[in-house]
Each structure stands twice: as structure tokens, then as C-alpha cells.
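Residue numbers (the numbering used here), protein chains in the order written: chain C, 38 to 463; chain V, 38 to 463. Below is one structure, written out as C-alpha cells; the observations come after it.
Number of protein chains: 2
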Amino acid sequence: MDISTASSETLQQWESSLSSEFKNIKSENLNLDLTRGKPSVDQLNLSNPLDGILQGNYISPSGVDVRNYGGPEGIVEARQLGANILETPPNNVYALGNSSLTLMHNVASFAMHYGLTGADSAWNRQGSVKFLCPVPGYDRHFAVCQHLGIEMLTADMTAHGPDMDQVEQMLAADSSIKGLWCVPKYSNPTGVVYSDETVARIAKLGKIAGANFRVFWDNAYAIHDFQQPAQQLANIFEASKAANCEDSIIQFASTSKVSFAGAGIAFLAASDNNLAGIKKALSFISIGPDKVNQLRHVKFFENPNALKTHMENHAAIVKPRFDCVLQNLQAAFGDNALGSWETPQGGYFISFNALPGLAKHVVALAAEAGVKLTPAGATFPYGKDPEDKNIRIAPTVPSIEQVNAAMRVFVLCVKLASVRQALQQR
Amino acid sequence: MDISTASSETLQQWESSLSSEFKNIKSENLNLDLTRGKPSVDQLNLSNPLDGILQGNYISPSGVDVRNYGGPEGIVEARQLGANILETPPNNVYALGNSSLTLMHNVASFAMHYGLTGADSAWNRQGSVKFLCPVPGYDRHFAVCQHLGIEMLTADMTAHGPDMDQVEQMLAADSSIKGLWCVPKYSNPTGVVYSDETVARIAKLGKIAGANFRVFWDNAYAIHDFQQPAQQLANIFEASKAANCEDSIIQFASTSKVSFAGAGIAFLAASDNNLAGIKKALSFISIGPDKVNQLRHVKFFENPNALKTHMENHAAIVKPRFDCVLQNLQAAFGDNALGSWETPQGGYFISFNALPGLAKHVVALAAEAGVKLTPAGATFPYGKDPEDKNIRIAPTVPSIEQVNAAMRVFVLCVKLASVRQALQQR
């Protein structure tokens, strides 16, 4: 289906045949959903032993009664679990509440209002505050910025991570940029893993951006690999230390997509200086994390290979859904220019770029045919995709049959929208 | 021991004998702690069945899979549990994370920065922001104000709650007062229950203080009665509705001192208008509460009398410790003017007023003799007790024998400090 060279007559024929197919699919009254980046029931079942795992023993291996107040950093064994995931020293990890999003918001809010390294470092004392957002990206990151009144600038995502030439130039040109959002592994939504060079350049951005700049390194999919050996992400903690920029990196992770979504542990890893500021601010707003739930996770993953095996079990459920999406995309667009995408080897999302100007139209057509997609634009700050081309596909929740049925609709809608656009442009 | 009428010689004799007793006690090398308002191990044991109570069934009675994302207001059954505790309609209750302190901070922060009823209602658009703090009060409330840059003004606590004449006059005189902290039942630290008249007057403060004024009604000890029938607290939700002031009241509670401290559920109850504003702001900072833990609590308290029986079991453990404190105080100061206190019928604290100017000295003496007390001044904003007389006693954690031993030291220190002061003033 080469739209650019097709005659108007051919386009008309395609339009007619695709429209007819679309009409038939509509009559099937489908009700499918590719919007939700959350675990399926089969995945959740993997963690069912969590409740009851303590068997009445509420004392942590290091002797803490997890039922009572105290320990704002989390229990040491949970911090070690976070350290294993983020590959940092356990002393540089806090194990906290049930949401890394809350941690990211809290840290940004602390940095904004109180300063992470003393009151003078507060962003709101330094005029307007901006963040760099690689796009497409994660809407909840953008929402944190909006909520805190932080202006968002965009940089392009490449197959190796953010376009670092852009990032470095923008930081050098504008000292009011105080943050950079990153999902470094199986990025949301493109699924790429940042290259070693990208990580190395991010690790020393502090030298360009100054002492109060912070990279929000949301390593949400750190261990969510589809196969072994997995793609390796370079160690930002060590790289930033080697570059004398360790204060500019704050890492986040959680077990939300490891154990239970919303009932897991969130982790934060940072330099000693950052942790001191964060701990002080946390003391005003929290009585400490749920240590009982931390101990449950520690017990659940206490055998050295338990976490690895657990994530392989996740992969066995998730990967076939991704394969199904990718096969449908390849079959429909592998030989034409109607769409482009990356091939993630882990994570929760596939990001599809239609021809410019078509994303909203495709999402609307799919909705008409009973397939719910994430709103077009959601992957950009302020919900505005300047080229209106990016669509995020989240295939984990539906069954493989449902994913397949939804993708059949999706590719049809992309083709139909593309052909109609080409006709209008003739 | 009537210090005011005693001769200098008698005072000298007392001083000598008390000093000698103090020296003996010091030689015992005690290590006792009356600082911590937290449950004892015996109390925590009451909730041990929580872990494992789900027996593999993670579906709530109303059909929610609590293991996955969704439901920012908490599961309906947990909201009903909060409604039972706060005596409000369940639709006006959110069941959220593990800490009511976090909720209070969040609501104050939302009101400050974003407004609970639209952007125009944000406190930070209205010049300086002040809160009224009845004293003595709860240090963590004051810390929230300090963290948010809210100036604190004090009003006196009486045996019936805050001095409402003072409160009403201050609100009428200063429109920058946007909040009032209340612990209405078994108040922290005095242990009093607000009278019906006090509740009725607080319920209509919005008429004096304006649309953006909020009472932070921290009903932390709503069901923490020592005996039945318990002292009744009038229903502020209904009273505020009757007065057309329902937007001015925000209620908080938690199960931190019902089940596990830090691993329970926190509740927030408010008018529809307030909840709408809070829900919107929460959506930026949270992926929702831990619903698995909510379901555990729902199961644990699902029988109609379970909660009542559970709190009676708590009382059976806590009350003897309070009795021990009160008996020691009565024996030492019942017939003289060296100290005054209330007799709480529930809660976690006893508040003792020494003679003015003595609190810090008493706390220092007790520390010297191996008994740790909450720092003098902690019950006042900015840590400053203007009369330096209030000391908070928290007897729940130590054993009865330890409470008794600690109180023996405490009364001795009060007597010694009082006699020495009297001698200096001669």
C-alpha cells in the first residue's frame, strides 16, 4: 500500500474497500481496550502468596517490629531489594510507600518549595522553573510538572534515548531548566533502552545545568525484560559519581508491576546530599512507610533467584501480547510508510507513529469500532502532539485473542485514515 | 506539700530529702521512656491475623480486584469503615494511604497552593496565611504549618475544648486565619473531649471566618475509649451541615492505633465540594491507595461487633497504664498546687502542668534519672511554651511496672524542681 505513488483511482478503491471493512467491524460491536498500562489478572496471580507470607512473624530479619511506627527510610532488607533493582548501594536507597509517582511528585515539590540541599537551592527562589521532557513521554510525569507550575520544553526521543545534542544545547542556553524526565529502560512509551553513550552524557549534565538541576530517572521497567540476556542499561549512579555529578541524579522504581499495582513498594535512590534533604522534608509529611508490606515483599523475594524467576513468569505472559501487536504492525505496515514503531524487548508499551495529522483521527475511528486507545496527544506535554502522529499501545491487560482483534481494528483505522488523508491532499 | 506557706527551713529540709532520694534513684541507672504515643507490643498482637486474612481472595465484596490500579477514593467497604468511625455518610469519606498526617499535610498543601474550591480559593493568593492552634496541642500539626509557611497563633485549651470566645474573637479580628487544628476527642495531649457547645460553635465558625477557612478535625482517637458507655463527641458533620458551613470542616482519622501503626488505613471525610477539590489534586500525586490492605481491614472488622470488641481489648491494655499515671499524680499532687492535669477517658496522652517555669527543668531532671520525657515545649507551636509548664506523658509502650517506676521518678522531679524554685524565690 504505497499511498504516495498510488493513483487517485486506486486510492478511491482502497477507501471504498477499507470503509466497507470498517463498517463490518463496527457491526461486531467490539469492546476492547488498549489503554491501560497495568498488569493482567494472570500477572497479578503470580504474587498471590504475598498475603499471609509472614505467617505471624512481624519481626524483620534485622529485628524491627514492622507493625509499629519508625524507620522513615524503610526497612534495610527492602532497601536492599531496591538496591538490587536499581543497582545502587543500599544506603543510597529509601524504600517508601506504594507509589513511585508520589515519590517523584514529592521530590519535585520539595526541590521547588524547600530545596533539596538547603533553602537557597529551592527552585522557586530562582524565577521561572522549566523541565525538559523527551517526547513522546509519560503523561503522569507531565501532570506533575503542570501541578507544580513547571513549564515543559520538549526534546526528541531517538532509538537510543533523548536526543542528547538537543538536550545539552537547551540546557546550555537556558539556566531555568531544572529537570529532565527519563524512563531509561523500555521507555514509556517508545520502549527503547538508553544507550551507554546517552547514559554517560546524562550522567554529567549537571556540569552544564548547574547545582540545582535534577534528572528524574524513573526506572519503572528496570527488571521487566522479555528475554535473557536482557538489554543492559548502563549504571547512571556510578557514571554520575565518576563525573562528580551524583547530586544531579534521582532514581525511582517500584514493585507496582512486579507484585501488585498500588500495593507494592516504591524506591528512591539518590546521593547522600539529596537523601538528607528528602529525609528532612519527608519528616513533615509522613509517619513512615508501610513496613509490614515491605517485609512481605522481602520474604517473597528472599531466595536469590526468586525475583529473576518471578520476572520471567511475567515475561511469559506479557511477551506474546507484544509479539501479537508487533506482528500485526509488521504485516500491515512493514512494506509501506504508513506507520513506524520501535520493537521493545521489555516494558509495558508500544509507541506507534502514524503519518502526521492522523493520530486523533485514528483514535476516533478505533473508538467508533469499539477499540479504546489512549487519547492522542497524551504522550506530549499539555496533551499536544505537534505533529498529531503518536499513539501509545498498551497490550498487557487484554487476552492475546483480544489484542489480536483490537490490532486488526487498529491497522484498519490507520490505513483508512491514511487513504482518506491522501485523497484530501490530491 | 504546701510550698507557698512552708517556711524556708521546711523547704530546705524538703530539698535535702528529695535531693537524696533523687541521688538514690540515679544510682539505679533506669532506662524508661514516656515519650512515644504508639501502641505496645500487646496491642499490636491484637491485629496479627491481618496478614493472611484474605486467604487468596483479593476480590472485594463489591467486586473490585484490589491487586490492580484504580479507585482513588479507596474501596467502598473501607470507606464505610471510615464512615462508621467518623459517623458520616460513606460517600463523604475517602479511604486512603497509611497516614492521616500525610492526608492533613496534603489537604493543607492543596488548599494553600491550588485551592480546594477552585484556583481563586488558594490561600497563597490571599496574602499571609495563619492557623489557630489550641495549646497545648500536637507537635506534628504545628510541623505541617511550619513546613507550609503558615503562621501559628495560639488559643487556650479548656476542659471543654478550645476557648471558643478567644477563637471567635480572633477569627473575627483577622481574616488571614485560614485554619484551626482540632483533636476533638481525647485531645492530644490534654485528653479532653470537646463539649457539645464547643462542637456547635466550631461547626459554624465558617460564618465568621469566611469561605476559605477550614477546620482540620483530626479525630485520631474517635473510638479509643477506655470504658463503655464512652464520652460522646457531638457530630460535627451534621452540625456543620445544619449551619450551612459544611465546607469549613475536614475530618481525619486512621487505624494507626487500631490495627498496625503505619500499616493501616487513613480516612478523610469532607463535604462534596471539598472532596471534589481534593480528588482533583490527589490525581496528580497518587496512583491510589493500597486497596489490598484496605480489604484486609474490611475482612478483619467485617462482623458488626468486631471493631467494638477490638477496641475494648485495646482499652484493657492501655487503661491500667493510664490509671497508674493518674494514681501517681493524685498521690503526689492531689493535695497541693504543684501540678494539674485532666483525667482522660481514652486516647494516648496525659498532659501535666507543673508550676510555671519548671517544665524544662523537670524534663532535664527526669532524663538525668533515666526517664525520657517528651521535650518541654513540644506541645506548643515553634516548640515554645510561654509559661514553660506543660509536659506530655505517653504511657502506652512501657509495661505497668515500668510506667510506675517512671512516674515515681517523674513526681520526684516535679517536687524537687518546685522546692528548688520556691527556695530561689525566697
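Backbone N, C-alpha and C define an ideal beta-carbon position, used for all residues, glycine too.
Check: 8 Å Cβ cutoff, V/F389 in contact with chain C; Outcome: no
Check: First and last residue of the uninterrupted alpha helix (DSSP H) at C/G243; Outcome: 243-246
Check: C/P221 versus C/A120: straight-line alpha-carbon distance, rounded; Outcome: 17 Å
Check: Short-range partners of chain V found in the segment 48-77 of chain C, where Cβ spacing is below 7 Å; Outcome: K75, P76
Check: N- and C-terminal bounds of the alpha helix (DSSP H) containing C/C361; Outcome: 343-370
Check: Anticipated Cβ contact below 8 Å, C/W160 with C/V456, distance rounded; Outcome: Between C/V456 and C/W160 the Cβ distance is about 49 Å, and since that is not below 8 Å, they are no contact.
Check: C/D211 versus C/C219 - alpha carbon distance; Outcome: 19 Å
Check: 8 Å contact criterion, which C/S112 and C/K328 should meet: CB distance rounded; Outcome: Note that residue 112 of chain C corresponds to Ile in the displayed sequence, not to Ser. So it is a contact: roughly 5 Å between Cβ atoms.
Check: Cutoff 8 Å: V/T433 Cβ touching any chain C Cβ; Outcome: no
Check: Runs of beta strand (DSSP E) lying entirely within the segment 157-211 of chain C, each at least 3 residues, in chain order; Outcome: 167-172, 188-195
Check: V/K215, enclosing beta strand (DSSP E) - first and last residue; Outcome: 214-219
Check: Contact residues within the segment 321-344 of chain C, judged by C-beta distance below 8 Å to chain V; Outcome: F321, I322, S323, I324, G325, P326, D327, K328, V329, N330, R333
Check: Per-residue DSSP class, three states only, for C/L140; Outcome: helix
Check: Option nearest C/Q382 by Cα separation, candidates C/N310, C/Q269, C/Q458, C/A369; Outcome: C/Q269
Check: 6 Å CB neighbourhood of V/E110 in its chain, flanking five on each side removed; Outcome: Y131
Check: Whole-angstrom distance between C/L69 and C/Q439, CA atom to CA atom; Outcome: 7 Å
Check: Where the segment 149-167 of chain V meets chain C: residues whose CB sits under 7 Å from a CB there; Outcome: none
Check: C/N225 at chain V interface by Cβ criterion, 8 Å; Outcome: no
Check: Whole-number beta carbon distance between V/S323 and C/L138, since they are thought to touch under 8 Å; Outcome: 7 Å
Check: Nearest residue (CA-CA) to C/A298, options C/I122, C/N135, C/F337, C/I428; Outcome: C/N135
Check: Secondary structure of V/S377, DSSP reduced to three states; Outcome: strand
Check: Exposure of V/K421, with buried meaning 16 or more beta-carbon neighbours within 10 Å; Outcome: exposed
Check: Neighbour list for V/D102 in chain C, Cβ cutoff strictly below 9 Å; Outcome: V78, L81
Check: Complete alpha helix (DSSP H) runs within the segment 88-146 of chain V (minimum length 4 residues, chain order); Outcome: 113-123
Check: Contact with chain V by C/F386, beta-carbon distance below 8 Å; Outcome: no
Check: Burial state of V/S146 (16 or more Cβ within 10 Å); Outcome: buried
Check: Chain C residues whose Cβ lies nearer than 8 Å to that of V/A300; Outcome: V103, R104, D327, K328, V329, N330
Check: Residue-level contact to chain D via CB, C/L118, 8 Å cutoff; Outcome: The structure shown has no chain D; the protein chains it does contain are C and V.
Check: For C/H67, the nearest candidate out of C/E205, C/L449, C/A443, C/Q462 (CA to CA); Outcome: Contrary to the premise, residue 67 of chain C reads as Leu rather than His in this sequence. Out of C/E205, C/L449, C/A443, C/Q462, C/A443 has the C-alpha closest to the C-alpha of C/L67.
Check: Residue closest to C/E188, alpha-carbon to alpha-carbon, out of C/S213, C/E205, C/T195; Outcome: C/S213
Check: V/D200 versus V/M194: straight-line alpha-carbon distance, rounded; Outcome: 6 Å
Check: Collapsed DSSP secondary structure at V/V434 in the structure displayed; Outcome: coil
Check: Simplified DSSP state of C/A290, which is helix, strand or coil; Outcome: strand
Check: Nonlocal neighbours in the same chain, by C-beta distance under 8 Å from V/P357, ignoring five residues either side; Outcome: I437
Check: Cβ neighbours of V/A413 in the same chain (closer than 8 Å, five flanking residues each side left out); Outcome: A396, K397, V399, V400, D422, D425, N427, I428
Check: Cα-Cα separation between V/L140 and V/E124, rounded to whole angstroms; Outcome: 19 Å
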